[in-house]
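Student: What follows is a single structure, and I will ask about it in a moment.
Residue numbers (the working numbering): 1 to 277.
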């Protein structure tokens with residue numbers, strides 16, 4: 001097992017040379033031994049190696065006596081939501097976030113969707129996983145499937161008042177990840193008055209236009225040009241696992257993230273006066 005795959009906030013590497021099914025099995029086993037969950041959520045993003053790695057992780061959990069809730073093809077924030085919404089002991093998504101198509105890995109949380117990082121568990125799991133000592137628990141394991149898209153969409157919509165949404169034209173670039181699916185669901189459910197100019201909305205783990213990362217300047221041109229062409233009011237672009245989004249103004253110019261954070265903080269504080277940011 002390549003020790004370099006254990007990062008500060010996740011586990012990832014090139015598939016299958018740096019991370020493969022055998023590695024994923026023992027990563028799941030290490031999670032089970034370190035966190036000691038009874039039931040976890042297990043999903044995957046759109047990457048082509050996701051299904052094989054999902055099976056390997058599920059097998060690792062099953063052998064360790066952990067019940068698995070299969071939450072399907074999801075975004076990272078949907079995994080976070082599922083753990084809290086379903087009251088589970090933890091969760092894992094097979095994902096390499098914004099990295100190129102040949103990468104894959106995992107992001108993990110414990111109960112209440114608390115993230116597991118390098119200094120809160122990943123390095124401990126590394127030590128366990130590298131030993132490759134199989135944990136086998138005699139337990140009748142239950143695997144269930146749960147579609148969380150509807151509940152997730154309702155949760156996201158709970159943060160806004162649909163009646164206050166203006167008629168706007170918006171360019172939305174999902175970069176072939178799950179953001180397109182979730183965005184369509186929310187707009188349809190709330191009947192939002194938005195004219196959405198879709199870019200790369202169909203999930204495709206081959207990422208045919210290259211690295212799915214809007215933070216890279218050379219990846220912004222398509223979004224920016226469509227804003228100018230359509231006269232859109234603004235644009236939003238996500239990375240592949242949709243845990244990050246970036247905005248463009250009405251001129252197609254990229255807006256640095258700290259401006260968006262400040263704007264969101266001021267909005268949230270209206271309903272949570274005196275809280276820390």
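All C-beta atoms, glycine included, are put in the ideal place defined by N, C-alpha and C.
Just so it is clear, the structure is predicted and the values come from calculations on it, not from any experiment.
Measuring straight from C-alpha to C-alpha, what distance separates residue 268 and residue 261?
Tutor: Spanning the two alpha carbons is a distance of roughly 10 Å.
Student: Put residue 173 into one of helix, strand or coil per three-state DSSP.
Tutor: strand
Student: Is it the case that the Cβ atoms of residue 85 and residue 148 are separated by a distance below 8 Å?
Tutor: yes
Student: Thinking residue 107 and residue 90 are a contact (beta carbons under 8 Å), I'd like their distance in whole angstroms, please.
Tutor: Not confirmed; about 12 Å, so no contact.
Student: With which residues is residue 236 paired in a DSSP beta bridge?
Tutor: Beta-bridge pairing links residue 236 to 172 and 247.
Student: To the nearest angstrom, how far is it from the Cα of residue 6 to the Cα of residue 97?
Tutor: 15 Å
Student: Using a 10 Å radius around the Cβ and a threshold of 16 neighbouring Cβ atoms, would you call residue 120 buried or exposed?
Tutor: With a 10 Å radius around the Cβ and a threshold of 16 neighbouring Cβ atoms, residue 120 comes out exposed.
Student: Is the beta carbon of residue 118 sitting closer than 8 Å to the one on residue 19?
Tutor: no
Student: I'd like the ranges of any beta strand (DSSP E) spanning at least 3 consecutive residues and lying wholly in the stretch 131-161.
Tutor: Listed in chain order, they are 143-145.
Student: Would you kindly report the start and end of the unbroken beta strand (DSSP E) that includes residue 67?
Tutor: 67-73
Student: Tell me whether residue 180 sits in a helix, a strand or coil according to DSSP, three-state version.
Tutor: helix
Student: To the nearest angstrom, how far is it from the Cα of residue 133 to the Cα of residue 11?
Tutor: 19 Å
Student: First and last residue of the alpha helix (DSSP H) that includes residue 84?
Tutor: 76-85
Student: Can you give me the Cβ contacts of residue 15 inside the same chain, cut-off strictly under 6 Å, excluding the 5 residues immediately before and after it?
Tutor: 49 and 104
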